[in-house]
Structure formats: structure tokens, C-alpha cells
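Enquirer:
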């Protein structure tokens with residue numbers, strides 16, 4: 004990214020966890036109240052021999068905060084003398100800190116000896132807070148704030164991928180109670196894995212064979228487009244697995260947000276906002292989704308084509324798409340709605 | 004299976020769909036009222052190049068029956084002069100018929116030409132009704148009825164796998180509104196796929212390398228056992244992806260229920276009932292789950308080790324486990340609960 008560079012401040016919290024404050028303005032406030040330390044987490048992973056994937060066990064996560072009332076939101080700024088949240092400052096722009104209830108941890112202990120293969124869950128789980136405001140979404144943020152968020156993602160990718168043992172970094176946002184959100188304050192998460200998860204393994208294998216996504220963008224035509232900018236396009240993939248699934252991809256293959264030009268960063272930020280605005284307008288209600296960023300796992304930078312994926316759980320304003328027998332036990336997705344039709348419906352929404 | 008052989012009656016419905024009636028008694032009733040025919044279904048599949056899996060589109064499924072009142076249940080016996088359900092007889096034991104809203108169909112048309120690879124969705128979707136009673140579950144059925152059900156599964160496997168183009172057969176039961184059930188009458192479904200779904204592909208690859216499940220059963224010890232019979236064991240796999248996940252497996256590797264001895268069929272039927280009874284007792288409420296049967300895909304019979312898997316969506320009596328960013332966008336499962344602990348809790352339940 005070549006435009007103006009944001010400021011970053013590192014604060015080490017009382018329990019040793021790192022907090023990064025990203026801002027267009029330098030952050031100079033004094034810390035207020037710190038949250039109390041917990042015992043060190045001790046997650047571990049076990050190999051699932053039939054699915055050929057790692058499953059990660061983190062009993063410490065049973066205690067995680069579950070739908071607190073707004074006045075006890077751990078992601079709101081912490082006032083001097085007030086309730087101790089995760090961010091011990093009275094204001095901030097974008098904040099990223101190590102999760103208090105991590106499933107992966109840089110110092111995860113040796114795993115127990117079990118009748119299956121195990122591995123230490125060494126990696127990292129971070130929480131990324133988009134705004135000090137307790138309510139809102141990506142559509143309601145200013146374009147400057149969304150560009151700051153894109154900068155923060157890029158910065159976290161670079162720092163986490165540089166660590167020994169980290170193989171893949173996955174930023175995501177769970178939005179809405181329908182996808183299990185336990186904290187309503189607008190935020191995302193970033194996982195740094197000591198392995199390449201199955202979804203990223205499959206994509207990397209395809210990209211090693213050829214530029215599958217660039218080829219699709221070339222061939223696809225306008226029927227699948229939801230919104231577009233010069234460098235970037237938001238579209239319903241012709242092989243969508245969820246109704247109203249949307250992807251955002253740069254027109255040229257690039258490995259991750261750290262390789263964005265200033266124009267690409269701005270276009271990506273704008274299309275994130277426009278996609279969420281169209282979603283919120285579709286059924287005239289806050290629209291739940293899982294948003295994930297798919298960048299190159301370590302070593303795949305030459306061929307991987309970065310993109311974002313939105314998975315919405317709604318089929319209609321009230322009906323959910325459930326992942327039941329065929330999806331869960333087979334991994335074969337069934338769809339009632341055709342991507343051509345959902346793309347047209349999303350194009351027809353006037354973003355609010 | 005070598006014990007007494009049940010009776011099977013084939014009835015072709017007014018719209019041409021096949022209905023099989025399985026019973027310990029011969030079925031001789033005259034048909035009553037037939038459901039009205041629909042236009043032929045036209046599903047097709049599209050290749051997801053980044054996940055390397057087929058996604059199947061069936062717009063005809065948008066019209067499927069959604070939580071009808073009990074008096075319009077399409078799975079209850081159809082009385083003469085009454086509401087026309089799917090089974091045009093006043094009584095039956097176990098019934099299997101071709102789904103009116105199939106995602107795969109033996110005569111699925113050629114797929115449309117699209118900017119992605121497509122394939123005809125040629126296969127079959129069947130509905131398997133466990134009992135004429137509108138309410139109930141596998142725990143409440145008699146052992147004789149459960150053994151009849153196991154016989155019906157075995158019979159469907161054999162008939163469907165013999166068809167040209169069918170590569171894999173997947174029977175499952177979705178139970179409870181939490182997993183999206185739209186019909187409460189106790190029933191399961193059977194999908195016959197023209198491809199091997201990703202989950203079965205991975206398992207088959209592991210079994211080709213060695214007897215992974217037999218080895219696990221040998222090594223596992225009693226800590227993971229929920230219930231056992233001479234030929235069969237119900238256990239929480241040490242790499243469970245859901246809290247209270249349970250598998251039922253024969254102690255000796257065998258490719259599917261069609262290869263069961265009479266003892267294995269009886270033990271499998273009994274453990275299905277006992278597992279569901281323990282589930283219902285765990286939180287003292289009807290316990291939702293996805294049950295799936297994993298038998299050898301075509302050509303994998305020599306090495307595949309058949310087993311059943313239960314995926315329960317509940318973490319506690321009220322809290323659901325959601326599949327959110329990490330699970331959906333990475334395919335990497337996170338667990339709070341240790342299999343050793345959930346197995347002990349299920350062992351401690353007095354089955355009702």
C-alpha cells in the first residue's frame with residue numbers, strides 16, 4: 004500500500020498480552036484500568052484420521068464472555084475508574100489484541116499422550132475491534148476507517164506470517180446472533196495456524212495449477228457482478244454454497260492485502276462497505292454473515308489470488324439455511340437459489 | 004444378514020415414484036389417495052474450483068413442505084378419503100420412497116452452459132420413514148422395528164450402489180429444529196451421489212492406507228466408550244468435532260450394513276436406540292442431532308470400515324455450538340469439551 008501510512012502503537016497489557024492501536028492520528032492517551040489476568044491457556048490439537056484434518060481443543064474457551072449487557076462490553080473503550088474492558092484507553096480508532104480465550108497460543112504446552120496423534124496448538128488468536136462505538140457495521144464506518152481496517156489486516160498478516168511455525172493466517176468476522184456471535188460490538192478475529200487449514204489447502208492446490216480466479220473473473224460476464232470498482236469486483240460466485248454468498252477479489256492476482264496498491268486498498272474498503280450496505284438493504288434488517296479473508300498460506304504467495312468471502316446464513320428474511328446431513332456428513336452443498344438470481348437481487352438493492 | 008428376512012413390497016406411486024414397504028409382516032393393504040404429481044425436477048451440479056467439490060442446485064426444492072401442522076403430515080399413513088400424504092396406505096412398518104423434491108434424480112437433464120464446469124445431478128434422493136406414528140425417535144422404537152430399519156438401509160445400499168453412475172450412498176437422519184428439520188415425523192433420508200463426496204473421499208483414502216478405525220478401537224481403551232455389545236461399540240471419538248459426538252462401529256472392519264451378520268445387525272440396532280436414549284436423558288429433553296451412516300463408496304469395499312456418526316449441535320441444554328469463521332472458512336474445528344469428559348457424561352446417563 005503506497006498512500007499515507009497510519010500510526011501504530013504497541014501497548015503490553017497487564018497480563019502480558021499485546022495490544023496494537025492503529026490510527027490516522029497518533030495514539031497518546033494514558034492507560035486506564037486493566038482487565039485481570041487469567042491462568043495461561045493450554046489448548047492442543049488432535050488429528051482426525053478419517054477427515055484428515057486437525058481438531059483443536061481449548062477447554063479455557065468454556066469461560067469466554069457470553070452476550071454481556073452493553074455496559075459490560077469488553078470491546079468498548081475503558082473509562083478511568085470504569086468497568087475494565089480489553090482496551091484500557093478512553094478512545095481509539097482500530098485496536099487489535101491477543102484473545103483472552105485463545106484456541107491457539109504461541110506458548111501452548113506439549114499436548115497430552117492420547118490414542119490419536121496430537122500436536123501443540125501453537126499459533127495465535129487476535130481480536131480486531133473496528134471502532135470504539137458499541138453498535139454498527141462495516142457499512143456504517145467511514146471510508147477512512149475502513150481503509151485503516153484494511154491497513155491493520157495487512158499489518159497483522161505480515162507480522163503473524165513472519166513468525167516461526169505459523170503456516171496460515173485467517174482473518175474473519177462473525178456477524179449476527181444467527182452465526183453465534185457472543186459480543187455485539189463490531190469486531191473481527193484473526194487466527195494464525197500452525198498448519199494450513201483444509202479450505203486453504205484446497206485453494207492453494209488449485210492456484211498452483213493455474214490462475215483459477217483471474218480466469219473466472221475474465222469469463223464470468225456481468226450476470227454475477229454485485230458491485231465493481233476499477234481494481235476490484237464484488238460478485239456472487241457461479242458455484243456459491245450459500246444464498247447471497249458474495250466474494251470480493253482484486254482483478255489482478257495478488258497474495259494478500261499487504262500487496263495492495265493504494266487504489267486497491269481503497270477499492271477493497273469501499274466494496275466491503277457497499278456489500279454490507281446491500282445486504283442490510285436486501286431484507287431491510289441487519290444481515291448476518293461470516294466474512295473471511297483468503298490470502299496465501301506461507302510459501303504460496305507466487306500463485307495464490309487473494310479474495311474475501313461472505314457466507315450469509317439466511318435464505319429469506321426469516322428462514323435460515325441449515326447445514327444438515329448432506330453438507331455436514333458429506334461435505335456436499337445443496338442450494339435452492341441460483342447465483343445468477345441472487346446476484347441480480349443484490350444489484351437491485353439501493354444501498355442505504 | 005442371516006436372520007429372518009423381512010418382506011418388501013414395491014408400489015409405484017401415481018406420479019411414477021417408487022415406494023418400498025418393508026415389514027416383518029407381508030403388506031397387503033389396498034392403496035388409498037395419491038399425492039398430486041409435480042413437474043419433473045431439473046437439478047444440476049457446479050464445480051467449486053477452490054474447494055474442489057461439487058455444489059448442487061435444485062430450484063425445485065424451494066417449494067418443499069415446511070413445518071406442516073400434524074394433520075397435514077406427508078409422512079403419516081394416508082387414510083381413505085383423507086389428506087393425501089406420500090404413503091397411500093392406512094398402515095405400514097417402514098417405508099422408503101423417492102423424494103418429491105430431489106437434489107439428485109436418475110433422469111436429471113443436461114446442465115446449463117455456464118462459466119464454470121457443470122454436471123447433471125444424476126443420482127437419487129429417498130425418504131425413509133421409520134414408523135407410522137407421527138412422534139417418536141429411534142430410542143422409542145421397538146428393537147424389532149430398529150432391526151427392520153437396519154435391514155431397509157442395507158437393502159437400499161445394495162440396490163442404489165448397483166445402479167450405473169452411483170458412486171456413493173449416504174443415509175442420514177436430521178433430528179430437531181436446531182438442525183433445520185422441516186418435518187417432525189420420524190424419518191431419515193438416503194442420497195445416492197454420482198460422485199464421492201469430500202468426507203467419504205478422505206475416509207476412503209485413509210482406509211486404503213490401513214485399518215485406521217480397527218486400530219483406534221484396539222488402542223482406545225474404555226475412556227471413550229459410551230455403550231458396547233459383543234460385536235459393536237458406541238464411543239466418543241478422541242478427535243470429536245462436536246460436543247457429545249458419538250460413533251457406532253462394528254469391531255471388525257466391514258464395508259456396510261449389507262455385510263452385517265444377524266448379531267451385528269441386532270447389536271447395531273440396539274446401540275442406535277441406546278445412544279439416542281442416553282442423548283435424551285443427558286439434558287432431559289429431546290436431543291437434536293445429525294446421524295449419518297458411512298459405508299464404502301463403490302470400489303472401496305475391501306478396505307472401508309463402516310460406521311455411524313452422530314453430530315449433536317448442543318453444547319449445553321440451551322447453548323448451541325455454531326460453525327462460524329474458523330470452521331466454515333477454514334474447515335478447522337474448535338472444541339471446548341474434551342471427548343474423555345463427554346464420554347464419561349454419556350456413560351453416566353441412565354437411559355430412559
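Protein chains in written order, with this note's numbering: chain A, 4 to 355; chain B, 4 to 355.
Don't be surprised by glycine CBs; every beta carbon is placed ideally from N, CA and C.
What does residue 295 (chain A) reach in chain B if we use C-beta pairs closer than 7 Å?
Expert: Taking the first residue of the first chain as position 1, residue 295 (chain A) is located at position 292. Correct list: 328 and 332.
Enquirer: From which residue to which residue does the alpha helix (DSSP H) around residue 149 (chain B) run?
Expert: Walking along the second chain from the start, residue 149 (chain B) turns up at place 146. Note, residue 149 (chain B): alpha helix (DSSP H), 146-164.
Enquirer: With distance defined between alpha-carbon atoms, name the residue in B:335, B:290, B:333 and B:342 nearest to residue 320 (chain B).
Expert: Translated into positions along the second chain, residue 320 (chain B) becomes position 317. It is B:290.
Enquirer: Looking at residue 246 (chain B) and residue 340 (chain B), is the spacing between their C-beta atoms short of 8 Å?
Expert: Indexing the second chain from 1 puts residue 340 (chain B) at position 337. Indexing the second chain from 1 puts residue 246 (chain B) at position 243. In contact: residue 340 (chain B) and residue 246 (chain B) (Cβ atoms closer than 8 Å).
Enquirer: Between the region 233-245 of chain A and the region 335-350 of chain A, do at least 3 Cβ pairs fall closer than 8 Å?
Expert: yes
Enquirer: Looking at the secondary structure, which residues open and close the beta strand (DSSP E) in which residue 56 (chain A) lies?
Expert: Within the first chain, numbered from 1, the residue matching residue 56 (chain A) stands at position 53. Note, residue 56 (chain A): beta strand (DSSP E), 56-60.
Enquirer: Return the residue from the list A:311, A:151, A:155 and A:199 that minimises the CA-CA distance to residue 236 (chain A).
Expert: Along the first chain, read from residue 1 onward, the residue named residue 236 (chain A) stands at position 233. Closest by alpha carbon: A:311.
Enquirer: Between residue 174 (chain A) and residue 326 (chain B), what straight-line distance do the alpha-carbon atoms span, to the nearest angstrom?
Expert: Within the first chain, the letter at position 171 stands for residue 174 (chain A). Within the second chain, the letter at position 323 stands for residue 326 (chain B). Straight across, the Cα-Cα distance linking residue 174 (chain A) with residue 326 (chain B) is about 15 Å.
Enquirer: What does residue 65 (chain B) touch in chain A if you count any residue whose Cβ is under 7 Å from its own?
Expert: Translated into positions along the second chain, residue 65 (chain B) becomes position 62. Within chain A, the residues near residue 65 (chain B) are 339.
Enquirer: List, in order along the chain, the chain B residues whose C-beta lies closer than 7 Å to that of residue 177 (chain A)?
Expert: The count along the first chain starts at 1 and reaches residue 177 (chain A) at position 174. Those within 7 Å of residue 177 (chain A) in chain B are 327 and 328.
Enquirer: Does DSSP put residue 312 (chain A) in a helix, in a strand, or in coil?
Expert: Against the first chain, residue 312 (chain A) aligns to sequence position 309. Reduced to three states, the DSSP call for residue 312 (chain A) is strand.
Enquirer: What's the C-alpha gap between residue 123 (chain A) and residue 113 (chain A)?
Expert: Along the first chain, read from residue 1 onward, the residue named residue 123 (chain A) stands at position 120. Along the first chain, read from residue 1 onward, the residue named residue 113 (chain A) stands at position 110. One C-alpha to the other measures close to 5 Å.
Enquirer: Is the beta carbon of residue 209 (chain A) sitting closer than 8 Å to the one on residue 55 (chain B)?
Expert: Numbered from its first residue, the first chain carries residue 209 (chain A) at position 206. Numbered from its first residue, the second chain carries residue 55 (chain B) at position 52. Cβ atoms of residue 209 (chain A) and residue 55 (chain B): closer than 8 Å.
Enquirer: What residues in the region 28-51 of chain A have a beta carbon less than 8 Å from any beta carbon of chain B?
Expert: 49, 50 and 51
Enquirer: 8 Å is my cut-off, CB to CB: does residue 242 (chain A) come that close to chain B?
Expert: Mapped onto the first chain, residue 242 (chain A) falls at position 239. Answer yes: the Cβ-Cβ gap between residue 242 (chain A) and chain B drops below 8 Å somewhere.
Enquirer: Determine the closest residue to residue 229 (chain B) out of B:352, B:176 and B:306, with distance taken between C-alpha atoms.
Expert: Position 226 of the second chain holds residue 229 (chain B). Comparing Cα positions, the closest option is B:352.
Enquirer: Residues in its own chain within less than 8 Å of residue 121 (chain A) by CB, not counting five upstream and five downstream?
Expert: Reading the first chain from its first residue, position 118 is the one you call residue 121 (chain A). Excluding sequence neighbours, residue 121 (chain A) sits near 47, 48, 49, 50, 114 and 115.
Enquirer: Name, going along the chain, the residues of the region 55-88 of chain B whose beta-carbon falls closer than 7 Å to a beta-carbon of chain A.
Expert: 55, 56, 57, 58, 59, 60, 61, 62, 64 and 65
Enquirer: Is residue 314 (chain B) close to chain A, meaning its C-beta is less than 8 Å from at least one C-beta of that chain?
Expert: The residue given as residue 314 (chain B) occupies position 311 in the second chain. By this cut-off, residue 314 (chain B) is an interface position.
Enquirer: Runs of 3 residues minimum, wholly inside the region 109-138 of chain B: which ones carry the beta strand (DSSP E) assignment?
Expert: 121-123 and 127-132
Enquirer: Just by C-beta distance, which residues in the region 96-113 of chain B are closer than 8 Å to chain A?
Expert: 106
Enquirer: For chain A, check one thing: does any of its Cβ atoms lie closer than 8 Å to the Cβ of residue 24 (chain B)?
Expert: Against the second chain, residue 24 (chain B) aligns to sequence position 21. Output row for residue 24 (chain B): interface = no.
Enquirer: Along chain A, in chain order, which residues have C-beta atoms closer than 7 Å to that of residue 192 (chain B)?
Expert: As a first step, residue 192 (chain B) must be located in the second chain, where it is residue number 189. Within chain A, the residues placing a beta-carbon under 7 Å from that of residue 192 (chain B) are 328, ordered along the chain.
Enquirer: What residue range does the beta strand (DSSP E) around residue 176 (chain B) cover?
Expert: Counted from its first residue, the second chain places residue 176 (chain B) at position 173. Per DSSP, residue 176 (chain B) belongs to the beta strand (DSSP E) from 171-178.
Enquirer: What residues of chain A sit near residue 306 (chain B), judged by a beta carbon separation below 7 Å?
Expert: In the second chain, residue 306 (chain B) corresponds to position 303, counting from 1. Within chain A, no residue comes near residue 306 (chain B); the closest Cβ sits about 12 Å away, beyond 7 Å.
Enquirer: So residue 369 (chain A) packs on residue 23 (chain A), CB below 8 Å; how close in whole Å?
Expert: For residue 369 (chain A) there is no data in the structure shown, the boundaries of chain A being 4 and 355.
Enquirer: Taking the CB atoms as reference points, tell me whether residue 133 (chain A) and residue 189 (chain A) lie closer together than 8 Å.
Expert: By 1-based counting over the first chain, the position of residue 133 (chain A) is 130. By 1-based counting over the first chain, the position of residue 189 (chain A) is 186. Against a cut-off of 8 Å, the Cβ pair of residue 189 (chain A) and residue 133 (chain A) comes out as a contact.
Enquirer: Mind pulling the chain B residues with CB within less than 7 Å of residue 200 (chain A)?
Expert: Start at 1 with the first residue of the first chain, and residue 200 (chain A) comes out as number 197. 333, 334 and 335, listed in chain order.
Enquirer: Let's see if you can read the secondary structure: which residues bound the alpha helix (DSSP H) around residue 343 (chain A)?
Expert: Residue 343 (chain A) sits at position 340 when you count from the first residue of the first chain. Unbroken alpha helix (DSSP H) run through residue 343 (chain A): 342-351.
Enquirer: Please list, in chain order, all residues of the same chain as residue 215 (chain B) whose beta carbon is under 7 Å from its beta carbon, the five residues on each side excluded.
Expert: Looking up residue 215 (chain B) in the second chain gives position 212. Correct list, in chain order: 209.
Enquirer: Return the residues of the region 116-137 of chain A that lie within a Cβ-Cβ distance of less than 7 Å from chain B, sorted by chain order.
Expert: 117, 118 and 119
Enquirer: Mind pulling the chain B residues with CB within less than 9 Å of residue 274 (chain A)?
Expert: Start at 1 with the first residue of the first chain, and residue 274 (chain A) comes out as number 271. Within chain B, no residue comes near residue 274 (chain A); the closest Cβ sits about 18 Å away, beyond 9 Å.
Enquirer: Determine, using beta carbons only, whether residue 104 (chain A) and residue 67 (chain A) come nearer to each other than 8 Å.
Expert: Taking the first chain and counting its residues from 1, the one referred to as residue 104 (chain A) is at position 101. Taking the first chain and counting its residues from 1, the one referred to as residue 67 (chain A) is at position 64. Contact check for residue 104 (chain A) against residue 67 (chain A) passes: the beta carbons are separated by less than 8 Å.
Enquirer: Ordered along the chain, which non-local residues of its own chain (more than five positions away) have a Cβ less than 7 Å from that of residue 232 (chain B)?
Expert: On the second chain, residue 232 (chain B) is found 229 positions in, with the first residue counted as 1. Taking residue 232 (chain B) as the centre and dropping the five residues before and after it, the same chain places the C-beta of 270, 273 and 274 closer than 7 Å to its C-beta, in chain order.
Enquirer: Counting only beta-carbon separations shorter than 8 Å, does residue 168 (chain B) have a partner in chain A?
Expert: Position 165 of the second chain, counting from 1, holds the residue named residue 168 (chain B). Not one chain A Cβ lies under 8 Å of residue 168 (chain B).
Enquirer: Between residue 59 (chain B) and residue 7 (chain B), how many whole angstroms is the CB-CB distance? I'm expecting something under 8 Å.
Expert: Residue numbering aside, residue 59 (chain B) sits at position 56 when the second chain is read from its first letter. Residue numbering aside, residue 7 (chain B) sits at position 4 when the second chain is read from its first letter. About 39 Å; that fails the 8 Å criterion.
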